[in-house]
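S.K.: Oh and the sequence shown: position 369 is 369 in our numbering, straight run, nothing missing. Every residue, glycine too, gets a C-beta built ideally from N, C-alpha and C. Remember, it's a predicted structure, so these values are computed and weren't measured experimentally. Before anything else, here's the structure in question.
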Amino acid sequence: MSSKPTVLIIGAGFTGCALAYDLTLRGFSVTVVERGEICSGTSGRTHGLLHSGGRYCVNDEEAAIECIEENIILRRIARQCMEFNLGMAVAITQEELQFRDNYQAGAEKCGIPVRWMESSEILAREPAINPSVLGGFEIPDGTFDPLRLGLAFAASAKNRGAVFFTYHQVDGIHVDGQSRATNITVINRHTNQRIQLNADVIINATGAWAGKIAALAGVNVPVIPTPGVMVAFNQRLINRPINRLALPGDGDIILPQRRMAVIGTTSFEVEDVDYIPIDAGQVQQMVDRAAEMVPAVRQAGWRGSYMSARPLIQSGTDARSLSRTFKCYDHEADQGLKGFITITGGKATTCRVMAEKTADLVSSKFNISSQCQTSEFVLDSYRTFYFRQPAL
Ligand SMILES: Cc1cc2nc3c(=O)[nH]c(=O)nc-3n(C[C@H](O)[C@H](O)[C@H](O)COP(=O)(O)OP(=O)(O)OC[C@H]3O[C@@H](n4cnc5c(N)ncnc54)[C@H](O)[C@@H]3O)c2cc1C
Numbered sequence: 001m002s003s004k005p006t007v008l009i010i011g012a013g014f015t016g017c018a019l020a021y022d023l024t025l026r027g028f029s030v031t032v033v034e035r036g037e038i039c040s041g042t043s044g045r046t047h048g049l050l051h052s053g054g055r056y057c058v059n060d061e062e063a064a065i066e067c068i069e070e071n072i073i074l075r076r077i078a079r080q081c082m083e084f085n086l087g088m089a090v091a092i093t094q095e096e097l098q099f100r101d102n103y104q105a106g107a108e109k110c111g112i113p114v115r116w117m118e119s120s121e122i123l124a125r126e127p128a129i130n131p132s133v134l135g136g137f138e139i140p141d142g143t144f145d146p147l148r149l150g151l152a153f154a155a156s157a158k159n160r161g162a163v164f165f166t167y168h169q170v171d172g173i174h175v176d177g178q179s180r181a182t183n184i185t186v187i188n189r190h191t192n193q194r195i196q197l198n199a200d201v202i203i204n205a206t207g208a209w210a211g212k213i214a215a216l217a218g219v220n221v222p223v224i225p226t227p228g229v230m231v232a233f234n235q236r237l238i239n240r241p242i243n244r245l246a247l248p249g250d251g252d253i254i255l256p257q258r259r260m261a262v263i264g265t266t267s268f269e270v271e272d273v274d275y276i277p278i279d280a281g282q283v284q285q286m287v288d289r290a291a292e293m294v295p296a297v298r299q300a301g302w303r304g305s306y307m308s309a310r311p312l313i314q315s316g317t318d319a320r321s322l323s324r325t326f327k328c329y330d331h332e333a334d335q336g337l338k339g340f341i342t343i344t345g346g347k348a349t350t351c352r353v354m355a356e357k358t359a360d361l362v363s364s365k366f367n368i369s370s371q372c373q374t375s376e377f378v379l380d381s382y383r384t385f386y387f388r389q390p391a392l
């Protein structure tokens, strides 16, 4: 029997996998339960933009600072998942050109290094950009491979003792008479068998599903599932992420992913995160917008369109202006439920620091004064997640 404190994490997206890694490094005994494959929720369906924070530096300073700090760390620890290509924020319209000073001031305030480029330099570097481009900033964006990033964190956790139950869906959380969440009920989706798992602490890392899982334990998490659609083309078209020089809007990102280009995205609210149909009108609207930046998208063949939902935290504003920062809920402090924590919101780019803050809270519950070490070591190869998997 292990004498280590035990932690159950629900959800194996970027957040759950990064958290499993952090907690195993701090000496916890960790079990992760995921209803599908690793990264089968939102994490497997993002653009793969390693944010510099430029996108948020004018109207969401907190998220922008988190992004640039984590961008630097992920470039160091997750090199196996990265394309080191930098990015651009380009002005196509006069209105965007007039945004230049605001953007520069926001970037400076948030510590994001940017460099102004005239249109001739932009076109020399990225000939597919609209020849009417008026100028733009070079920004430290990058591209990552989403599955490799999730698997690299998961492999690093597993290689240090974490146990992953994939294809196990949580459908119940038991709360005892002392208002403590003590165990969960899960269904093995291969065999339909139901098992119970218990732990000292249960962590809800289910992203856009966090509200549903919290409700099983009788607590409320104000997460707003906010989907966006993306379209993949069968040519790269450009070699670095290109953003519009403006506040975030629909269809204002295009980036290379291996031999493809991906454009995105929209932002709207839904209630049922398990059924989000792809709206052909939104797809067309995004292609039209992206063609203003890179006209060749109109001639490129489509590889596919896909959708996923952001876990954004309710703040009483519309979906586009909800902050991209994250929140860790200690449900003992906010609603009197012991042994249950939710971590949600944030970005792929900030998953490591989301895990760090959550692991700090878990450690404090056990009076363990452990330091986060995840920014210090290069992650294990993503391949070792499956390589060392024991036979079922
Ligand atoms: C359209 C779009 C584009 C984006 N692009 C970027 C980008 O380019 N760069 C960036 O940094 N961020 C991006 N993001 C944000 C980023 O993808 C998310 O913040 C991140 O993936 C959330 O990870 P997560 O682990 O919290 O959630 P998820 O990846 O959704 O993980 C939650 C997991 O919980 C599991 N789960 C749910 N219910 C249960 C249950 N009952 N039992 C067991 N398991 C359960 C799900 O299957 C899922 O795997 C984008 C988001 C969207 C929507």
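Out of curiosity, what's the CA-to-CA distance linking residue 7 and residue 247?
M.R.: Taking the sequence shown and counting its residues from 1, one reaches residue 7 at position 7. Taking the sequence shown and counting its residues from 1, one reaches residue 247 at position 247. Whole-angstrom Cα-Cα distance: 40 Å.
S.K.: Taking only runs of the beta strand (DSSP E) that begin and end inside the segment 318-388, which ones reach a length of at least 3 residues, in chain order?
M.R.: 326-330, 340-345
S.K.: Counting only runs of 4+ residues fully inside the segment 88-116, write out the alpha helix (DSSP H) ranges in chain order.
M.R.: 94-97, 100-110
S.K.: Whether or not the segment 371-384 and the segment 230-239 are in contact is what I'm after, with contact meaning three or more pairs of Cβ atoms, one per stretch, closer than 8 Å; do they touch?
M.R.: no
S.K.: Using the beta-carbon count (16 or more within 10 Å), is residue 131 buried or exposed?
M.R.: On the sequence shown, residue 131 is found 131 positions in, with the first residue counted as 1. Exposed, because fewer than 16 other Cβ atoms sit within 10 Å of the Cβ of residue 131.
S.K.: Would the beta-carbon of residue 190 be found less than 7 Å away from any heavy atom of ligand 2?
M.R.: Ligand 2 is not among the ligands present in this structure, which contains only ligand 1.
S.K.: Would you kindly work out how many angstroms separate the C-alpha atoms of residue 378 and residue 164, rounded to a whole number?
M.R.: Locating residue 378 in the sequence shown gives position 378, counting from the first residue. Locating residue 164 in the sequence shown gives position 164, counting from the first residue. Computed Cα separation, rounded: 21 Å.
S.K.: In chain order, what residues of the same chain lie with their CB nearer than 6 Å to the CB of residue 126, ignoring the 5 residues before and after it?
M.R.: Within the sequence shown, residue 126 is the residue found at index 126, counting from 1. Counting only Cβ-Cβ distances below 6 Å, and skipping sequence neighbours, we find 238.
S.K.: What do you reckon, are the CB atoms on residue 57 and residue 107 nearer than 8 Å?
M.R.: Here the question's residue 57 lines up with position 57 in the sequence shown. Here the question's residue 107 lines up with position 107 in the sequence shown. For residue 57 and residue 107, yes; Cβs fall inside 8 Å.
S.K.: Using the Cα positions of residue 147 and residue 37, report the straight-line distance between them to the nearest angstrom.
M.R.: Counted from its first residue, the sequence shown places residue 147 at position 147. Counted from its first residue, the sequence shown places residue 37 at position 37. Between residue 147 and residue 37, the C-alpha separation is close to 10 Å.
S.K.: Could you give the C-beta distance for residue 276 and residue 305, rounded to a whole number, given that I count them as a contact under 8 Å?
M.R.: Here residue 276 corresponds to residue number 276 of the sequence shown, with the count starting at 1. Here residue 305 corresponds to residue number 305 of the sequence shown, with the count starting at 1. The Cβ separation is near 12 Å, so there is no contact.
S.K.: Starting from residue 306, trace the beta strand (DSSP E) in both directions and tell me its first and last residue.
M.R.: In the sequence shown, the residue the question calls residue 306 occupies position 306. Note, residue 306: beta strand (DSSP E), 302-313.
S.K.: Measuring straight from C-alpha to C-alpha, what distance separates residue 4 and residue 367?
M.R.: As a position in the sequence shown, residue 4 is number 4, starting the count at 1. As a position in the sequence shown, residue 367 is number 367, starting the count at 1. Whole-angstrom Cα-Cα distance: 13 Å.
S.K.: Measuring CB to CB, does residue 213 end up less than 8 Å from residue 204?
M.R.: To locate residue 213, count along the sequence shown from 1; it is residue 213. To locate residue 204, count along the sequence shown from 1; it is residue 204. For residue 213 and residue 204, yes; Cβs fall inside 8 Å.
S.K.: Quick one: is residue 189 buried, meaning 16 or more other Cβ sit within 10 Å of its Cβ, or exposed?
M.R.: Locating residue 189 in the sequence shown gives position 189, counting from the first residue. It is exposed - the Cβ of residue 189 has fewer than 16 other Cβ atoms within 10 Å.
S.K.: Can the beta-carbon of residue 334 be found closer than 8 Å to that of residue 361?
M.R.: Here residue 334 is taken as the residue at index 334 of the sequence shown, counted from 1. Here residue 361 is taken as the residue at index 361 of the sequence shown, counted from 1. Contact: no.
S.K.: Kindly indicate which three-state DSSP category residue 153 falls into: helix, strand or coil?
M.R.: The residue labelled residue 153 in the question sits at position 153 within the sequence shown. Here residue 153 sits in helix by DSSP.
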